[in-house]
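Heads up: the structure comes next, in structure tokens.
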Amino acid sequence: MRVILALAVLILGSTAGEIAITHGMKATGEPARLRPLALLQFLGRAVRNGWFWAGVPLMALSFYSLLVLLSWEPISLVIPASALSYVVGTFGARYILGEQVSAARWVGVVLVCAGVALVAAG
Amino acid sequence: MASETRLRIKTLLMVLAMVVSANVGDLMLKRGMSRIGAVQLTSPGLAQAFRLTLTNGTIWMGIFFLTGFLLSYMTVLSWADYSYVMPAGAFGYALLTLLAVVFLHESVSPRRWVGVVLICVGVLLVGQTKPRTTAVTREAMA
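Sequence lines, in order, name chains Y and D. Read in our numbering, the first sequence has 81 at position 95, and its numbers run on one by one without any break. Read in our numbering, the second sequence has 31 at position 32, and its numbers run on one by one without any break.
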């Protein structure tokens, strides 16, 4: 039970954090050019966005949950299980960020999720 | 459409930069930490580990590459879909396995090879979808 709870915090925390950061970056707008000065200005705008700072503690919470999980369960179980975040993240992108997830993208995400689970299981 | 192709190439190059810098950064951190040795979870042990990590050049190189990863991740998300970048970034797992075979001559289980193939096919499928499906937000003021 506590393992499932920690896994939920791990997956939902990182997904929510990345969705908040994506939202913040979309609001920031893309850098004018991929040059050092333009990138610095871009970074300055990004860190003044509240969504960016909403994402950071969520990802920290997820990381802490990962450390706790690794102290309970073997890594060959924890990392494959966390691959579910690819599917959860795609749902979040679709329903929270309003991205269009085509059938091809869904199939790709499911294959990636299964593939990462197999690679991590060793 | 030429602009569509340009967007895809720009996005995939940025994802590649993301994956390479994350892998190199992790590798450097692992190298640096293994030279420091197992950390004792006591306050003097942690304090000593902290001192050793701060003076270790390899660890600083790792931090440099991981900062590069974060920057490229933030940059690519400013124009591309999260549901495009996230699965495409999983290419790193496949790359890591190939590097381990070529450079470290590690043996890889059949199960792991199946995983590598699934990741590659999945990334190819996601890669040919439209990198951005949401409305374009205001362009950066130059």
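C-beta: ideal position from N, C-alpha, C; glycine also. Bear in mind the structure is a predicted one, so any value in this text is a computation, not a measurement.
For a test of the three-state rule: what should DSSP assign to Lys129/D, helix, strand or coil?
Lys129/D: coil per DSSP, three-state reduction.
Is Trp59/D helix, strand or coil when you go by DSSP?
Trp59/D sits in a helix when the DSSP states are folded into three classes.
State yes or no: is the C-beta of Val18/D within less than 8 angstroms of the C-beta of Gly67/D?
It is not a contact, given that the beta carbons lie outside the stated cut-off.
Which stretch, first to last residue, makes up the alpha helix (DSSP H) that contains Asp25/D?
First-last of the alpha helix (DSSP H) with Asp25/D: 1 to 35.
Would you call the region -8 to 7 of chain Y and the region 39 to 50 of chain Y in contact, with 3 or more CB pairs under 8 angstroms?
As far as the Cβ criterion goes, the region -8 to 7 of chain Y touches the region 39 to 50 of chain Y, which means the pair count is three or higher.
Own chain, CB closer than 7 angstroms to Val122/D, minus 5 neighbours either side, in chain order
Within the same chain, Val122/D has close Cβ partners Pro86, Ala87, Ala89, Phe90.
With a threshold of 7 angstroms on Cβ separation, who are the neighbours of Ala139/D within its own chain once the five nearest residues in sequence on each side are excluded?
Note that Ala139/D scores a pLDDT of 46, beneath 50, so its modelled location is shaky; the value from the coordinates is reported in the next line. There are no such residues.
Going by the CB atoms, is the gap between Phe64/D and Met13/D shorter than 8 angstroms?
No, they are not a contact pair.
Which parts of the region 32 to 87 of chain Y are runs of the alpha helix (DSSP H), unbroken and 4 residues or longer, counting only runs that do not cross its ends?
Within the region 32 to 87 of chain Y, the complete alpha helix (DSSP H) runs of at least 4 residues are 36 to 58, 61 to 68, 71 to 81.
How many whole angstroms separate the CB atoms of Tyr72/Y and Val98/Y, which I take to be in contact at a CB cut-off of 8 angstroms?
The C-beta distance from Tyr72/Y to Val98/Y rounds to 5 angstroms, short enough to fall under 8 angstroms.
If you measure from the beta carbon of Arg5/D to each beta carbon in chain Y, is any gap under 8 angstroms?
False, the Cβ-Cβ gap to chain Y never drops below 8 angstroms.
Which two residues bound the contiguous alpha helix (DSSP H) that contains Gly91/D?
The continuous alpha helix (DSSP H) containing Gly91/D extends over residues 90 to 103.
Would Leu11/D pass as a contact of Arg131/D if the rule is Cβ separation under 8 angstroms?
Taking 8 angstroms as the Cβ cut-off, Leu11/D and Arg131/D do not qualify as a contacting pair.
Between Val96/Y, Ala(-6)/Y, Val42/Y, Ala32/Y, which lies nearest to Tyr83/D when the distance is taken from Cα to Cα?
For the residues Val96/Y, Ala(-6)/Y, Val42/Y, Ala32/Y, the minimum Cα distance to Tyr83/D belongs to Val96/Y.
Within chain Y, partners of Ser106/D - CB distance below 8 angstroms
Chain Y residues near Ser106/D: none, gap ~11 angstroms exceeds 8 angstroms.
Consider the Cβ of Asp25/D: report whether some Cβ of chain Y lies at a distance smaller than 8 angstroms.
Answer no: the Cβ-Cβ gap between Asp25/D and chain Y never drops below 8 angstroms.
Return no unless some Cβ of chain D is closer than 8 angstroms to the Cβ of Gly84/Y.
Output row for Gly84/Y: interface = yes.
Is the separation between the beta-carbon of Val(-11)/Y and that of Trp37/Y shorter than 8 angstroms?
Not in contact: Val(-11)/Y and Trp37/Y (Cβ atoms no closer than 8 angstroms).
Between the C-alpha atoms of Phe49/D and Asp25/D, what's the straight-line distance to the nearest angstrom?
So the two alpha carbons sit approximately 18 angstroms from each other.
Short CB-CB distance (under 8 angstroms) between Ser0/Y and chain D
No, Ser0/Y does not count as interfacial toward chain D.
To the nearest angstrom, how far is it from the Cα of Asn117/Y to the Cα of Ser71/D?
This structure gives no information on residue 117/Y, because the portion of chain Y shown stretches from -13 to 108.
Contacts of Val97/Y in chain D (Cβ-Cβ under 8 angstroms):
Before going on, a small fix: residue 97/Y reads as Leu here, not Val. In chain order: Leu117, Ile118, Val120, Gly121, Leu124.
Interface positions of the region 33 to 56 of chain D facing chain Y (Cβ-Cβ less than 9 angstroms), listed along the chain
When CB distances to chain Y are screened at a threshold of 9 angstroms, not a single residue of the region 33 to 56 of chain D falls below it.
Can you give me the C-alpha to C-alpha distance between Ser51/Y and Ile7/Y, rounded to a whole angstrom?
Rounded to whole angstroms, Ser51/Y to Ile7/Y spans 19 angstroms at the Cα level.
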